[in-house]
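Residue numbers (this note's numbering): 36 to 194.
C-beta atoms are modelled at their ideal positions from N, C-alpha and C, and glycine is treated no differently.
Please read the structure below before turning to the comments.
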Amino acid sequence: MRHVIAFFIKFLSTLVVLGIILGLFFNYSIMDVLTISIVLSAVGYMLGDLFLYRRTNNMTATISDFGLAFLVVWFMSLNITFEDDLLTASILAAAGVAIYEYFYHRVVPRARGRRRETNENRNQRQTNARYRTEASEDLTIARPDVRSPKGKENNQNEK
């Protein structure tokens, strides 16, 4: 259920941003904007949010979302529309998507709690290991004459 809500928020945000940028400024049809939004949301959620964002920070995920949005909008626009200025439309759409993705990653914190707990547990395990002492039979000397020259002299005098 958590993934459905997060994906739905991402899809609606993408649809609104691309609808404003591509629909109003570059005269894309609503079906073109809807198709690009569905593909971009699905690929972005799987690659960006579920894979990359869990392993990196917000800025890295936002930069990768910019690149992904640029590529998806540009490649799909090549096949869907007959617009002339695809590069400008793709850059502006990717910038708009990257801006909302930055805030989306801050508002929808998936798996952050689990990641923090995991790091805290690792730190606790490492911290606890520092205060442990080693105890073994190797630390006590079995024969004093083996370790110190003084012990050898004393043993020779006793003989």
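Look up D67 in the DSSP assignment and say whether it is helix, strand or coil. helix
Let's see if you can read the secondary structure: which residues bound the alpha helix (DSSP H) around V52? R37 to L53
Where does R149 fall in DSSP's three states? Unreliable placement is indicated for R149, whose pLDDT of 49 sits below 50; the coordinate value is still reported in the next sentence. DSSP places R149 in helix when its eight states are reduced to three.
Stretch pair the segment 54-64 + the segment 103-120: three plus CB contacts closer than 8 Å: yes
Tell me the rounded alpha-carbon separation between L50 and L87. 22 Å
Spatial distance of V52 from R37 (CA atoms): 23 Å
Element boundaries [alpha helix (DSSP H), containing T123]: L121 to V142
CB L113 to CB L75, shorter than 9 Å? no
Can you tell me the Cα-Cα spacing of T116 and I65, whole angstroms? 12 Å
Can you tell me where the alpha helix (DSSP H) with I115 in it begins and where it stops? N93 to I115
With distances taken from CA atoms, which of V143, I134 and D119 is nearest Y63? D119
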